[in-house]
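Q:
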Amino acid sequence: MLNFVLRRLLATIPVLLIVAVLVFLMLRLAPGDPAAILAGDAASTEQIARIRTNLGLDRPIVVQFGIWAGNMLAGDLGESFYYKMKVVKLIGQRLEPTLALATFTILFAVLVSVPLGVVAAWRFGGWFDRALMGFSVLGFSIPVFVLAYILIYLVSLKLGLLPVQGYQRIGDGFWPFFRHLILPSVTLSVIYIALIARVTRASVLEALGEDYIRTARAKGLPEFRVLVRHGLANAAVPIVTVIGIGIALLIGGVVVTESVYAIPGLGRLTVDAVLARDFPTIQGVILFFSFVYVLLNLLIDLSYVFLDPRIRY
Amino acid sequence: MRKLIALLAFTTAYLSAPGAALAQDSKVLRIVPHSNLAILDPIWTTAYMSRNHGYMIYDTLFGTDENSQVKPQMVDTWTVSPDKKVWNFKLRSGLAFHDGKPVTGEDVVASLNRWGKRDAMGVALMGFVDKLEATGADAFRMTLKEPCGFVLEALGKPSSNVPFIMQKRIAETDAFKQIEEHIGSGPYVFVREEFKPGDKAVYVRNAKYVPRKEAPSGSTGGKQVFVERVEWNLALRDAQAQVNALAKGEIDILEQPSFPLIPGLKANPDVVVYSYSPVPLQYMARFNHLHKPFDNPKVRQAALAAFAQEPFLQAQVGVKELYRTCDSMFTCGTPYASSFGTEIQSKSNMKKAQELLKASGYDGTPVVLMKPTDLAAIDKLPDVAAQLMRQAGFKVDLQAMDWQTLVGRRAKKDAPDKGGWNMFLTAWQGPDIWNPIANATMDTRGEASGWFGWGKDDKILELRNLFMRETDDGKRKKLAEAIQARAFEVATHAPLGEFDAPLAARKSVTGHFRGTGNFYWNVKKN
Chain Y
1 MLNFVLRRLL ATIPVLLIVA VLVFLMLRLA PGDPAAILAG DAASTEQIAR
51 IRTNLGLDRP IVVQFGIWAG NMLAGDLGES FYYKMKVVKL IGQRLEPTLA
101 LATFTILFAV LVSVPLGVVA AWRFGGWFDR ALMGFSVLGF SIPVFVLAYI
151 LIYLVSLKLG LLPVQGYQRI GDGFWPFFRH LILPSVTLSV IYIALIARVT
201 RASVLEALGE DYIRTARAKG LPEFRVLVRH GLANAAVPIV TVIGIGIALL
251 IGGVVVTESV YAIPGLGRLT VDAVLARDFP TIQGVILFFS FVYVLLNLLI
301 DLSYVFLDPR IRY
Chain S
314 MRKLIALLAF TTAYLSAPGA ALAQDSKVLR IVPHSNLAIL DPIWTTAYMS
364 RNHGYMIYDT LFGTDENSQV KPQMVDTWTV SPDKKVWNFK LRSGLAFHDG
414 KPVTGEDVVA SLNRWGKRDA MGVALMGFVD KLEATGADAF RMTLKEPCGF
464 VLEALGKPSS NVPFIMQKRI AETDAFKQIE EHIGSGPYVF VREEFKPGDK
514 AVYVRNAKYV PRKEAPSGST GGKQVFVERV EWNLALRDAQ AQVNALAKGE
564 IDILEQPSFP LIPGLKANPD VVVYSYSPVP LQYMARFNHL HKPFDNPKVR
614 QAALAAFAQE PFLQAQVGVK ELYRTCDSMF TCGTPYASSF GTEIQSKSNM
664 KKAQELLKAS GYDGTPVVLM KPTDLAAIDK LPDVAAQLMR QAGFKVDLQA
714 MDWQTLVGRR AKKDAPDKGG WNMFLTAWQG PDIWNPIANA TMDTRGEASG
764 WFGWGKDDKI LELRNLFMRE TDDGKRKKLA EAIQARAFEV ATHAPLGEFD
814 APLAARKSVT GHFRGTGNFY WNVKKN
């Protein structure tokens with residue numbers, strides 16, 4: 001097991017290296033000039049050239065990569081062209097909102113979708129099952145921003161229950177923090193509820209057809225126990241896999257939600273950095289995302305051991 | 314059931330109770346600026362957000378009032394020698410930086426020297442300056458090589474780059490490197506620890522600031538501060554979300570609501586929408602003079618003739634009371650605006666454009682027209698331009714890209730088929746184009762220097778030099794007219810009409826005044 005973990009951790013190094021090289025090259029080959037963007041509208045070409053020199057962008061790409069890679073190996077992701085701040089600090093500032101949003105979203109999604117999926121499987125073909133399938137199609141189809149505007153209009157503007165926008169750090173108190181996350185999390189969770197509920201339904205449905213379920217029922221176990229202890233537990237591997245992938249997608253896929261609800265998270269940072277051709281920040285954020293994906297995949301793989309005793313590493 | 318109802322009632326009350334941080338504090342002004350604040354050095358960049366940040370924390374020697382008149386701000390008195398070459402300035406008493414140190418003549422000299430390396434008017438002014446020196450703790454002197462007609466205009470210029478006064482040790486930073494400290498002597502103090510790029514910028518009242526006695530007007534007059542704290546919400550950039558937040562009272566001021574959302578805001582009884590700027594913004598089409606077909610002035614004239622302003626304004630702004638046509642290349646309603654030489658555009662029609670194009674010898678070279686798809690403020694202009702040019706007989710290659718790609722590409726002098734370009738459209742704030750020195754398109758030094766498009770015309774340069782030297786207002790006006798007439802003749806660019814970009818505020822916010830920027834002194838929150 002320990003060997004497996006170590007091997008997987010070591011395997012992240014070449015993955016991150018490949019990502020680093022690809023991102024670096026793609027950014028340099030993409031159109032757009034950070035110096036021209038920074039200089040502002042009325043700047044002359046000479047001023048832009050001076051800024052380019054100051055940023056080191058007039059050097060050969062190989063030299064630029066060497067400097068950046070050297071700094072990266074020393075744990076320094078560089079300084080943002082745009083914000084004149086260390087990229088590590090920028091990521092640190094934006095991590096909490098994104099993590100909070102992702103955590104609340106996935107928690108809410110799991111708490112709602114797994115019971116729904118189990119009940120739908122239990123009542124396979126009934127009205128509840130059909131209603132859930134209908135909802136999941138709707139959940140997949142409705143764009144996040146449309147749902148966000150509808151919820152804001154109803155819950156915030158008409159009922160006045162929750163704020164329209166903004167984020168409060170957890171350090172400012174749990175209630176303001178939580179209150180600002182309710183609508184964004186609900187908005188973002190709908191698609192995950194649809195996804196996880198469908199997968200749960202399918203997995204539990206398959207498990208409910210197994211012999212051990214019939215045996216459990218024959219033993220006279222209560223139906224709830226049959227469903228949870230024997231049905232859900234044996235259907236857990238695909239569900240956990242989907243949840244894990246969902247978390248990974250959430251971390252990088254919260255841009256629209258962060259925009260509509262004005263949450264200063266990593267998604268917005270990435271978009272702003274791309275629009276400003278802020279190379280060090282883009283590189284830093286993508287490396288960070290890559291590391292998170294690799295780590296999440298490892299955690300998912302490790303969880304299989306606990307969910308299915310037949311799996312050994 | 315009763316328990317359930319009680320629980321629901323409690324939850325509703327609890328949820329709807331405002332959070333502590335959102336308490337409606339009349340001492341905190343919450344603003345959504347027109348863009349993100351990234352660069353904190355208003356001399357290093359011409360970005361308007363950096364300029365607005367500058368106005369919060371720095372003060373200026375002179376300012377420009379709502380009637381475009383230059384008035385003293387940090388300066389108390391000044392004298393000019395009879396030969397108009399020696400200017401002595403004395404600062405007001407009581408001026409101090411946020412760290413308590415007094416503002417001195419040396420601070421002014423260092424600040425002007427740095428600004429004079431970056432700003433177009435600053436560079437022009439420094440070309441005349443023989444010596445700039447501190448003559449006392451609160452005085453400085455500017456000695457010119459020859460008389461110059463725009464000393465006060467330059468020192469009081471209200472838009473980017475504004476000659477903000479910084480501490481000497483900070484102002485001595487290389488003009489091409491950003492400053493690291495942000496200590497001014499203006500009405501607000503920047504709270505560096507609370508600044509989170511892309512999230513928020515915070516300013517607190519400078520309790521030691523001594524305002525002038527005069528009423529505020531433009532960037533001049535008494536900068537009275539009536540709130541303790543100003544918060545710029547940099548995260549709220551979705552247009553609809555901004556309007557929602559204003560409607561609910563989560564923000565107090567929205568600097569630049571999207572045009573299509575303005576009618577809805579006007580219908581809200583808690584919100585007021587108004588144009589704060591006495592001078593409008595102007596749309597502009599800029600030709601690349603280096604490459605075919607716009608290296609030929611006759612082809613540029615044909616485009617100019619095709620560009621009736623109304624279709625651009627209708628498509629981009631749409632709200633009739635917010636736009637108007639303006640023949641002048643200098644902002645309409647300001648001293649140098651005129652209709653001299655404008656006939657080619659103002660009396661244009663498509664037939665004339667077609668004739669001009671035919672007579673120009675245009676060989677069908679496609680015009681690479683860059684269209685920014687992500688900048689709602691100007692994204693419809695290129696479509697109109699393309700359509701009008703096609704009607705006139707041009708071949709147009711309309712290339713869609715994001716604004717920052719456009720910004721990077723327009724700095725390239727390569728041929729259009731090698732990554733260059735022929736034309737782009739943009740918008741300018743009034744003060745940036747209201748005289749021949751500030752107006753970047755009038756710097757016709759060609760490829761060697763100048764603004765994107767690199768127009769070259771010695772006659773304009775000659776007239777511009779005369780304008781810089783002229784000290785008589787009447788003669789300056791005549792020279793500006795001649796410059797404009799020549800600029801239309803060689804078609805440096807095409808003005809495409811003017812518009813107001815109003816702000817929206819909660820009715821509880823009062824005390825706004827008209828000015829050429831977003832100024833947040835004198836504002837009260839009830």
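Residue numbers (the numbering used here), protein chains in the order written: chain Y, 1 to 313; chain S, 314 to 839. From the three backbone atoms N, C-alpha and C, an ideal C-beta is built for every residue, glycine too.
(1) So for Ser303/Y, helix, strand or coil by DSSP?
(2) Name, please, each residue of chain Y whose Cβ falls closer than 9 Å to the Cβ of Val584/S.
(3) Roughly how many whole angstroms lie between the Cα atoms of Trp545/S and Pro679/S?
(4) Buried or exposed, going by whether 16 or more other CB atoms sit within 10 Å of the CB of Pro582/S?
(5) On the three-state DSSP scale, how would you describe Arg179/Y?
(6) List, in order along the chain, the chain S residues whose C-beta lies closer than 9 Å to that of Gln93/Y?
(7) Counting only C-beta atoms, is Val88/Y closer than 8 Å to chain S at any point?
(8) Thinking Ile263/Y and Tyr149/Y are a contact (beta carbons under 8 Å), I'd like their distance in whole angstroms, please.
(9) With DSSP as the reference, label Val164/Y as helix, strand or coil.
(10) Taking the Cβ atom as the reference point for each residue, do Pro529/S and Phe765/S lie within a distance shorter than 8 Å?
(11) Suppose you measure from the CA of Asp389/S to the CA of Gly462/S; what does that come to, to the nearest Å?
(12) On a CA-only basis, which of Ser473/S, Glu419/S, Asp676/S and Leu816/S is nearest Met479/S? Give me that one, please.
(13) Going along chain Y, which residues have a C-beta under 9 Å from Arg542/S?
(14) Restricting to Cα atoms, I'd like to know which of Ala35/Y, Leu269/Y, Ile251/Y and Gly244/Y is closest to Pro510/S.
(15) On the three-state DSSP scale, how would you describe Thr281/Y?
(16) What's the gap between the Cα of Lys769/S and the Cα of Val383/S?
(17) Of all Cβ atoms in chain Y, is any one closer than 8 Å to the Cβ of Phe477/S?
(18) Mind pulling the alpha helix (DSSP H) runs of 4 or more residues that sit fully within the region 19 to 74 of chain Y?
(19) Any Cβ of chain S within less than 8 Å of the Cβ of Ala69/Y?
(20) With Ile193/Y and Ser113/Y assumed to form a contact (beta carbons below 8 Å), what rounded beta-carbon distance in angstroms separates them?
(21) For Gly56/Y, decide whether its Cβ has a neighbour in chain S, counting only Cβ atoms nearer than 8 Å.
(22) Scan the region 506 to 547 of chain S and note each continuous beta strand (DSSP E) run of 3 residues or more that stays entirely inside, going in chain order.
(23) Using the beta-carbon count (16 or more within 10 Å), is Ile492/S buried or exposed?
(24) List, from N- to C-terminal side, the beta strand (DSSP E) runs of 3 residues or more that fit wholly inside the region 684 to 748 of chain S.
(25) What residues from chain S crowd round Lys84/Y, counting only those whose CB sits closer than 7 Å?
(26) Across the region 11 to 18 of chain Y and the region 693 to 702 of chain S, are there enough close Cβ pairs to call them in contact, namely three or more that are closer than 8 Å?
(27) Got a sec: does the ligand SAM put a non-hydrogen atom nearer than 7 Å to the Cβ of Asp727/S?
(28) Compile a chain-ordered list of the residues in the region 134 to 149 of chain Y whose CB is closer than 7 Å to at least one CB of chain S.
(29) Following the continuous beta strand (DSSP E) through Ala818/S, name the residue where it begins and the one where it ends.
(30) Rounded to whole angstroms, what's the CA-CA distance from Met663/S to Cys639/S? Just pull it up for me.
(31) If you check the beta carbons only, do Ala817/S and Leu547/S fall under 8 Å apart?
(32) What first and last residue would you give for the alpha helix (DSSP H) that runs through Leu77/Y?
(33) At 8 Å on the CB atoms, spell out the chain S contacts of Ile43/Y, in chain order.
(34) According to DSSP, which residues form a beta bridge with Tyr596/S?
(35) Is Ser472/S near Pro744/S, with beta carbons less than 8 Å apart?
(36) Should Ser394/S go down as buried or exposed, given a rule of 16 or more other Cβ atoms within 10 Å for buried?
A: On the basis of the data shown:
(1) helix
(2) For a Cβ distance threshold of 9 Å, nothing in chain Y lies close to Val584/S: the least Cβ distance comes to about 13 Å.
(3) 44 Å
(4) So Pro582/S ends up on the exposed side.
(5) helix
(6) Lys509, Pro510, Gly511 and Asp512
(7) no
(8) 16 Å between Cβ atoms; not a contact.
(9) coil
(10) Not a contact, by the Cβ cut-off of 8 Å.
(11) When rounded, the distance between both Cα atoms is 21 Å.
(12) Glu419/S
(13) In chain order: nothing, as chain Y lies at least about 15 Å away.
(14) Comparing Cα positions, the closest option is Leu269/Y.
(15) helix
(16) 31 Å
(17) no
(18) 34 to 39, 45 to 55 and 61 to 73
(19) no
(20) 4 Å
(21) no
(22) 513 to 518 and 542 to 546
(23) buried
(24) 709 to 714 and 736 to 742
(25) Gln491
(26) no
(27) Ligands displayed in this structure: none; no statement on the ligand SAM is therefore possible.
(28) Tyr149
(29) Element bounds for Ala818/S: Leu816 to Arg819.
(30) Roughly 19 Å separates the two Cα atoms.
(31) no
(32) Where Leu77/Y is concerned, there is no enclosing alpha helix (DSSP H), given that its DSSP letter is neither H nor E.
(33) This sequence places Ala at residue 43/Y; Ile is not what is there. Those are Thr358 and Thr359, listed as they occur along chain S.
(34) Bridge partners of Tyr596/S: Ala740/S.
(35) yes
(36) The residue in question, Ser394/S, is exposed, as its Cβ has fewer than 16 Cβ neighbours within 10 Å.
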